[in-house]
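**Q** Input: one structure, supplied below.
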DNA sequence: CTTGACCTTCCAGTTACTGGAAGGCCCATG
DNA sequence: CATGGGCCTTCCAGTAACTGGAAGGTCAAG
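Residue numbers (my numbering), protein chains in the order written: chain A, 154 to 282; chain B, 154 to 282.
Now the structure itself:
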């Protein structure tokens with residue numbers, strides 16, 4: 154099938170699929186006219202990538218996971234380790250963002266937000282520490 | 154003062170400070186030898202930028218906030234609006250990450266993570282939907 | 001005078017795409 | 001048979017916010 158159909162079926166934009174071929178995550182065949190020809194297996198792989206990316210795995214994580222997926226004899230521990238590392242990254246990001254949110258919320262609560270110039274948000278950012 | 158001292162005082166790497174000059178967030182004077190010469194006001198501004206960036210404001214947010222900081226007559230509502238928009242972005246990111254975390258945690262709990270090949274994490278990623 | 005710590009500019013790379021230009025291919029309609 | 005629209009192709013550039021490194025100038029100490 155052509156890239157448009159593969160895009161529809163996998164839920165990934167055609168541009169992204171071409172990019173994934175560029176970085177050698179997939180290698181669809183080519184028709185005589187130069188068009189990419191995606192097999193069901195290719196589309197399945199794209200779906201895998203789409204789901205892994207949705208879970209926030211990096212491209213290099215995805216490359217590793219694809220390798221493990223295709224290695225019928227890999228240990229589930231290998232997969233779990235990648236997932237655990239990724240989970241740690243996610244949790245750390247969440248913690249950072251929550252910290253930001255709390256600080257910002259606090260600042261917002263102390264700022265009256267009217268047309269007067271006095272503003273605790275700016276004051277806090279400007280304060281030498 | 155030289156860039157090294159400005160870096161120490163502001164907590165920003167010298168590279169980042171040069172970058173901020175590049176994109177016209179700051180405009181330190183120059184000594185006869187070509188070295189940047191940072192005033193206390195410059196360093197203060199760098200501290201402001203550092204704190205705003207720590208709170209996750211984008212560079213363009215920072216540019217706007219700097220403008221508001223230097224405008225003694227701006228309304229606090231202007232600042233609060235930027236902060237509120239930013240807060241919404243942060244909260245949306247947190248929600249996305251929490252979603253990822255929950256899904257990943259669930260998958261990790263169902264994966265025994267030993268040396269057998271069967272792995273629910275991979276299976277889930279591979280499942281056609 | 002040399003050494004080492006500074007400083008300068010410029011170029012390239014990072015992540016994961018995304019937009020757009022220029023041009024080829026395919027099918028249906030007039 | 002021509003043409004138009006919708007596919008497809010490649011290639012180049014841009015995004016955000018730095019970061020690393022090379023090549024070379026400056027300065028203060030010994």
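Ideal placement from N, C-alpha and C gives every residue a C-beta, glycine not left out. As the structure is a prediction and not an experimental result, all values here were calculated from the model.
My output table needs one value for residue 271 (chain B): the three-state DSSP class, helix, strand or coil.
**A** Stepping through the second chain from its first residue, residue 271 (chain B) is reached at position 118. Residue 271 (chain B): coil per DSSP, three-state reduction.
**Q** State the Cα-Cα distance for the pair residue 310 (chain A) and residue 185 (chain B), rounded to the nearest angstrom.
**A** Because chain A here runs from 154 to 282, residue 310 (chain A) falls outside it and cannot be looked at.
**Q** Could you tell me whether the Cβ atoms of residue 156 (chain B) and residue 191 (chain B) are closer together than 8 Å?
**A** Here the question's residue 156 (chain B) lines up with position 3 in the second chain. Here the question's residue 191 (chain B) lines up with position 38 in the second chain. Yes. Within cutoff.
**Q** When you compare the segment 256-264 of chain B with the segment 266-280 of chain A, are there three or more beta-carbon pairs, one atom per stretch, that lie closer than 8 Å?
**A** Contact fails: fewer than three Cβ-Cβ distances are below 8 Å.
**Q** Is any beta-carbon of chain A found at less than 8 Å from that of residue 239 (chain B)?
**A** Residue numbering aside, residue 239 (chain B) sits at position 86 when the second chain is read from its first letter. With 8 Å as the cut-off, residue 239 (chain B) counts as an interface residue toward chain A.
**Q** Indicate whether residue 235 (chain B) and residue 254 (chain A) have their beta-carbon atoms separated by less than 8 Å.
**A** Stepping through the second chain from its first residue, residue 235 (chain B) is reached at position 82. Stepping through the first chain from its first residue, residue 254 (chain A) is reached at position 101. No, they are not a contact pair.
**Q** Any beta carbon of chain B sitting closer than 8 Å to that of residue 201 (chain A)?
**A** Within the first chain, the letter at position 48 stands for residue 201 (chain A). For residue 201 (chain A), the answer is yes, since a Cβ of chain B falls inside 8 Å of its Cβ.
**Q** Using 10 angstroms around the beta-carbon of residue 176 (chain A), count the other beta-carbons present and answer buried if the total reaches 16, otherwise exposed.
**A** Indexing the first chain from 1 puts residue 176 (chain A) at position 23. By the 10 Å Cβ count, residue 176 (chain A) comes out exposed.
**Q** Can you have a look at residue 172 (chain A) and say buried or exposed, based on whether 16 or more other CB atoms are within 10 angstroms of its CB?
**A** Locating residue 172 (chain A) in the first chain gives position 19, where the first residue counts as 1. Flag for residue 172 (chain A) reads exposed.
**Q** For residue 209 (chain A), count neighbouring C-beta atoms within 10 Å of its own C-beta (all shown protein chains included) and say buried if the count is 16 or more, exposed if not.
**A** Against the first chain, residue 209 (chain A) aligns to sequence position 56. Burial call: buried.
**Q** Return the chain-ordered list of same chain residues with a C-beta closer than 6 Å to the C-beta of residue 274 (chain B), the five sequence neighbours on each side being excluded.
**A** Here residue 274 (chain B) is taken as the residue at index 121 of the second chain, counted from 1. Only 260, 264 meet the Cβ criterion.
**Q** Mapping DSSP to helix, strand and coil, what is residue 189 (chain B)?
**A** As a first step, residue 189 (chain B) must be located in the second chain, where it is residue number 36. Residue state, collapsed to three classes: strand.
**Q** Quick one: is residue 268 (chain B) near chain A, going by C-beta distance under 8 Å?
**A** Here residue 268 (chain B) is taken as the residue at index 115 of the second chain, counted from 1. By this cut-off, residue 268 (chain B) is an interface position.
**Q** Taking the alpha-carbon positions, what's the residue 231 (chain A) to residue 266 (chain B) distance?
**A** To locate residue 231 (chain A), count along the first chain from 1; it is residue 78. To locate residue 266 (chain B), count along the second chain from 1; it is residue 113. Going by the C-alpha atoms only, they are around 7 Å apart.
**Q** CA-CA distance, residue 244 (chain A) and residue 218 (chain A)?
**A** Reading the first chain from its first residue, position 91 is the one you call residue 244 (chain A). Reading the first chain from its first residue, position 65 is the one you call residue 218 (chain A). Going from the Cα of residue 244 (chain A) to the Cα of residue 218 (chain A) covers about 20 Å.
**Q** For the putative contact between residue 221 (chain B) and residue 165 (chain B), defined by C-beta atoms under 8 Å, what is the C-beta separation to the nearest angstrom?
**A** Working through the second chain from its first residue, we reach residue 221 (chain B) at position 68. Working through the second chain from its first residue, we reach residue 165 (chain B) at position 12. Not really, about 21 Å apart at Cβ, beyond 8 Å.
**Q** Is DSSP giving residue 208 (chain A) helix, strand or coil here?
**A** Position 55 of the first chain holds residue 208 (chain A). DSSP places residue 208 (chain A) in coil when its eight states are reduced to three.
**Q** So residue 260 (chain A) is in the alpha helix (DSSP H); what residue range does that whole segment cover?
**A** On the first chain, residue 260 (chain A) is found 107 positions in, with the first residue counted as 1. Its alpha helix (DSSP H) spans residues 229-263.
**Q** Suppose you measure from the CA of residue 158 (chain A) to the CA of residue 249 (chain B); what does that come to, to the nearest Å?
**A** In the first chain, the residue the question calls residue 158 (chain A) occupies position 5. In the second chain, the residue the question calls residue 249 (chain B) occupies position 96. For residue 158 (chain A) and residue 249 (chain B), the distance between alpha carbons rounds to 28 Å.
**Q** Mind pulling the chain B residues with CB within less than 7 Å of residue 256 (chain A)?
**A** Working through the first chain from its first residue, we reach residue 256 (chain A) at position 103. Simply 208.
**Q** Taking DSSP's pairing of strands, which residues face residue 183 (chain A) in a bridge?
**A** Counting from 1 along the first chain, the entry for residue 183 (chain A) is found at position 30. In DSSP, residue 183 (chain A) forms a bridge with A:189.
**Q** Where residue 272 (chain B) and residue 237 (chain A) are concerned, what is the direct C-alpha to C-alpha distance, given to the nearest angstrom?
**A** Locating residue 272 (chain B) in the second chain gives position 119, counting from the first residue. Locating residue 237 (chain A) in the first chain gives position 84, counting from the first residue. Between residue 272 (chain B) and residue 237 (chain A), the C-alpha separation is close to 14 Å.
**Q** Chain A partners of residue 271 (chain B), CB-CB under 8 Å?
**A** Numbered from 1 along the second chain, position 118 holds the residue referred to as residue 271 (chain B). Per Cβ cutoff of 8 Å: 229.
**Q** Under 8 Å between C-beta atoms, does residue 177 (chain A) make it to chain B?
**A** As a first step, residue 177 (chain A) is located in the first chain; it is residue number 24 there, counting from the start. Output row for residue 177 (chain A): interface = no.
**Q** How many Å lie between residue 195 (chain A) and residue 182 (chain A) at the Cα?
**A** Residue numbering aside, residue 195 (chain A) sits at position 42 when the first chain is read from its first letter. Residue numbering aside, residue 182 (chain A) sits at position 29 when the first chain is read from its first letter. Going by the C-alpha atoms only, they are around 10 Å apart.
**Q** Nearest-angstrom Cα distance between residue 215 (chain B) and residue 187 (chain B)?
**A** For the purposes of this step, residue 215 (chain B) is identified with residue 62 of the second chain, where counting begins at 1. For the purposes of this step, residue 187 (chain B) is identified with residue 34 of the second chain, where counting begins at 1. Rounded to whole angstroms, residue 215 (chain B) to residue 187 (chain B) spans 27 Å at the Cα level.
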